[in-house]
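Chemist: Residue numbers (the working numbering): 242 to 1451.
1. Could you compute how far the alpha carbon of residue 717 sits from the alpha carbon of residue 635?
2. Give the range of the alpha helix (DSSP H) segment to which residue 1377 is assigned.
3. Hey, could you find the ends of the alpha helix (DSSP H) residue 660 is sitting in?
4. What is the DSSP secondary structure of residue 1292, counted as helix, strand or coil?
5. Does the count of Cβ pairs from the region 636-652 and the region 703-723 closer than 8 Å reach three?
6. Taking only the alpha-carbon atoms, compute the straight-line gap between residue 371 and residue 1095 and give it to the nearest angstrom.
7. Helix or strand or just coil, what does DSSP make of residue 679?
8. Starting from residue 476, trace the beta strand (DSSP E) in both directions and tell me its first and last residue.
9. By DSSP, does residue 491 sit in helix, in strand, or in coil?
10. At least one CB of chain E closer than 8 Å to the CB of residue 1280: is that the case?
11. For the alpha helix (DSSP H) containing residue 592, list its first residue and its last residue.
12. Would residue 1111 be called buried (16 or more neighbouring beta carbons within 10 Å of its own) or exposed?
13. What residue range does the alpha helix (DSSP H) around residue 1367 cover?
14. What are the partner residues of residue 774, as DSSP defines its beta bridges?
15. Between residue 443 and residue 381, what straight-line distance do the alpha-carbon atoms span, to the nearest angstrom?
16. List, from N- to C-terminal side, the alpha helix (DSSP H) runs of 4 residues or more that fit wholly inside the region 1114-1180.
17. Is it true that the region 853-861 meets the region 890-897, where meeting means three or more beta-carbon pairs spaced less than 8 Å apart?
18. DSSP three-state call for residue 468: helix, strand or coil?
19. With DSSP as the reference, label residue 1321 as helix, strand or coil.
20. Give the DSSP-derived three-state secondary structure of residue 617 in the structure shown.
21. Quick one: measure Cβ to Cβ for residue 702 and residue 646, integer angstroms, because I've assumed they're closer than 8 Å.
22. Output needed for residue 1452: all residues of its chain with C-beta closer than 7 Å, excluding positions within five of it in sequence on either side, in chain order.
23. So what's residue 376 in DSSP terms, helix, strand or just coil?
24. Around the C-beta of residue 669, are 16 or more other C-beta atoms found within 10 angstroms, so that it is buried, or is it exposed?
25. Assuming contact is defined by CB atoms lying nearer than 8 Å, are residue 318 and residue 683 in contact in what I supplied?
26. In chain order, what residues of the same chain have a beta carbon less than 6 Å from the beta carbon of residue 367, not counting five sequence neighbours either side?
27. Between residue 1047 and the rest of its own chain, which residues show a CB-CB distance below 6 Å, the 5 nearest in sequence each way excluded?
28. Ends of the alpha helix (DSSP H) at residue 1188?
29. Report the three-state DSSP secondary structure of residue 221 (helix, strand or coil).
30. Leaving out the 5 sequence neighbours to the left and right, which residues in its chain are closer than 6 Å to residue 1229 when beta-carbon positions are compared?
31. Taking contact to mean at least 3 C-beta pairs separated by less than 8 Å, is the region 425-439 in contact with the region 1321-1337?
32. For residue 802, count the other beta carbons within 10 Å of its own beta carbon; 16 or more makes it buried, fewer makes it exposed. Which is it?
33. Since residue 1098 is in the beta strand (DSSP E), which residue starts that stretch and which ends it?
34. Excluding five sequence neighbours on each side, which residues of the same chain lie with their C-beta closer than 7 Å to the C-beta of residue 1399?
35. Please return the same chain residues whose Cβ sits closer than 7 Å to the Cβ of residue 333, not counting the five positions on each side in sequence.
36. Report all residues from its chain with a CB closer than 8 Å to the CB of residue 344; omit the five preceding and five following residues, and keep chain order.
Below, the structure written as structure tokens:
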């Protein structure tokens, strides 16, 4: 229980870290006085550090950079290995597990212990790992590190405990799976080939036991040599020497034939009766040319030869296409009898695997599907139908269909939103899939008890938006929205996209969504905003467009005398643009820079369009070019459905739009927001000579009279907020200056000024683009973001940059260096992927420099705009990149008819507060510590048929700042969080109750006020990888975990918190990682995850019959233990491989063990431990014997030396 008593006005002004006194705003009412302050605030904080624990929960999406594939035909689960050492194991929908090798080495090959609940992985660091899959979170039981040889291929026969391991030197080793110890039995390459062979056969590329006789091992070498090794006789049965390199080998199930794929695009079929030449040689895609020669073909990387009972065998292979056809896509070829089907793929094929009914290799295979692992997709082809349709993938493998640029996470959504989004999205689903069930159906999964509606929204580089159902640790796409449909398609070779080098002009930069009102807002990279309303009916609509001129010039005069006046806010509606505008110049036309003025970056469709049910565009807002300079990108956005207002800002200023009346009610520079409350001393600058009269900051393209334009301007502004400041110096890496587009509110490149350096050959292009808009490339997504590190141009910046280089181990270059180079250094930027650094100087000195104060965060809410206010009113909280908080009171008509006709008025700026670092987040609590939700409008379908008995009126839901009406006037608590600091203010007195410096050495990337365990806390994610939570309102640290040792731009741009202790980020360009910081969820995690292993009876082998068994061989059972065991083969050299016990060894087996299986597993563990102790005893005994022999030898030498000496010679 925490009690905060006697909170009086100005109590904390003298305390360290207390806020500066806020100068009062001049107004017609005179000097405001402080409103009555409650004498006692009683807040009970229930959250303690025991409520928090950080752990990963589940990973969604396609495995990034996949390398290998495996399938368990009995358990019906699939495993995918990746280049970063990750393993994804997939079963039925809901069964999705991610494992990570600690070494991070690429996974070369995967081998299931079929129906045993275990998996062997071979990694690029020449280590074998055995994973236990009988637990919900798989763990490594054993590891075996090869020291002298490199692993190239592995093979584990069905129901065998001996793993064959081929190496780069051409040798084949044998590993006991149970103990993970090497056998002394080794097939050396020089024994496998003939002594007369003069060349090395190359690495082992294939190992398989003969279906006819398990005692025969077929070894394929890369150089073209194939050897069948008799394991009992320890000699080669036959050797095949072929001219072309071998890539893969596949047996016929009878064991009398096998097929090889080669590097020249050929397939060879070999019969064991005659191995001198291939029984059949084919070039499936090699046609005979006019001169009689065959076309040269690409290598066939893999072939599978599968037989069926009812028809011809299947021959399935990847590659082998001819070289001469340029532009052909990668293909999988299916040869069934005389029919050849070529399935073209969208991405290169990494691996494929044919799924068969039986796990036995000596039975008719009867393939029913083929799993194809592509570089960026996973597809399964149905082989049972003649047209080979694909199965509909139940996993969210298309998260990266277009690169992800932003994410949003909403937990505990309204329960009706997911079904209605699904019903709308289901109408647009693709067709033509196989009608059969998804074949990868292993494992079990049940809906946990701790579930609630969750939605994830992803924005993409092509302008598309995807809504995902993320409930119960699953991910299923609900609905897809294409924002590019609002705009005309730019003509090839024209438009701003070409001039600025942009390939993704519709890329989504941020989103804002109100689940209750179902209003959705999208901010695009081309400085455009689209507001959508949800409807269950289709409609014919005309897209309404507003164009806003929000631009300033860097050489405007700002003098101290001009700052002494109060800001005069423009009258509402006096400068509001018309809903539709005639474009002075088409955005697609080539015009000189001087003529590129008052035009948007994109052209909105001006015709009536028919929109389907779902989200339908209601309003498009675009920023305009000004004097040849493109508009700066939007850095902050907020909308409120109850107010009917939308606010956005960038590094030039702030604009507020009434989307109900389709008008702009405020368009103002950041400087004009201050008026007399400006906390900075603005340094004067010399006026520009011979300056022509141009439009001011608040001008809009509505062709109003000049007198109206003059009225809309603030008298304190002279063309914009360009100025020199005396402020805390920031030596700050531009975090959001990504791939050449400036989105950081604090970034120096946002300056719209002209370059002051001699321009090179590319100078005119830089001028047209403007120094604030370097080229924007396709890789602009958060999934593919590289980092640039421009540093503020300050005195002594070189030494500070050197300090940061030493601190973070990265290379920085200054902003001047960044823009003086004519050719933009993209290669240098791309080399910095997955590493960034950013620092701020804590020194406070007056430095003369160009800076733009950007709007970094906005929040609508019921609050007190001034100290004198008694009742809360609608307000807009504005946070800037200089750590300043500004309150703007709003006057909104309450009556429905008046709201649609009368203008919304904006009052003068209210309170001004300051924090360290750029502003990030606002939150509001009542005086009892409960979270105050923003008011909203209940959703209504504007396209629904009119009901005369029930007129359609707006229904608003408001949340009072206190639970009781009697205490309504007591005020509320405001949580304000910046990159460095968090403060809690009591409103309306504006007293700072609590201050907490979150970080000194780093900075906060993301902060959110979230609800957890029926309470509220502040969750923060820092650039140094720390995840922290602070209690509210006392800002007491509850958790601080160093979660990510190395953060990168992708994580920085996509990390987001939500309620109920959950968060997510883009862990790779194709995967979403979800984490939890709730102890309760960590405790229930095992219950919510799926089971990978299900006890299933192993299918019995077919009865082959007496005659087939007699003539077909394999009459004798093959005892591998007798050949490979220590008694027969001896021990392998200790220096060859090192056994490493796994962390999940005994404990993992104890968790998985149950019944007789558990007893057997425990017995095996006991035997392993006993064997290990015996091995240690044997080593000590051998050491003692060696020591005794040495002592005996020295004693004997001494005896010989002294034998003939007399007693007096000693």
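Glycine included, every Cβ here is placed at the ideal spot set by N, Cα and C.
Modeler: So, to answer that:
1. 8 Å
2. Taken as a continuous stretch (DSSP letters only), residue 1377 belongs to no alpha helix (DSSP H), as it is neither H nor E.
3. 658-667
4. helix
5. yes
6. 54 Å
7. coil
8. 476-482
9. strand
10. In the structure shown, chain E does not exist; there is a single protein chain.
11. Element bounds for residue 592: not the alpha helix (DSSP H) but the beta strand (DSSP E), 590-597.
12. exposed
13. 1367-1370
14. 857
15. 31 Å
16. 1137-1142
17. no
18. strand
19. helix
20. coil
21. 6 Å
22. The question about residue 1452 has no answer here: the residues shown for the chain are numbered 242 through 1451.
23. coil
24. exposed
25. yes
26. 387, 391, 392
27. Confidence in residue 1047 is poor, its pLDDT being 36 and thus under 50, which makes the residue's placement unreliable; the coordinate value appears in the next sentence. Nothing meets the Cβ criterion.
28. No alpha helix (DSSP H) holds residue 1188; DSSP gives it neither H nor E.
29. No answer is possible for residue 221: the residues shown for the chain start at 242 and end at 1451.
30. 276, 1105, 1108, 1110, 1212
31. no
32. Because residue 802 carries a pLDDT of 36, less than 50, the predicted location of this residue cannot be relied on, and the following value inherits that uncertainty. Looking at its Cβ environment, which holds fewer than 16 other Cβ atoms inside 10 Å, residue 802 is exposed.
33. 1096-1104
34. Residue placement at residue 1399 cannot be trusted, given a pLDDT of 46 that sits under 50; what the coordinates show is reported in the next sentence. Counting only Cβ-Cβ distances below 7 Å, and skipping sequence neighbours, we find nothing.
35. 682, 683, 684, 686
36. 326, 364, 366, 368
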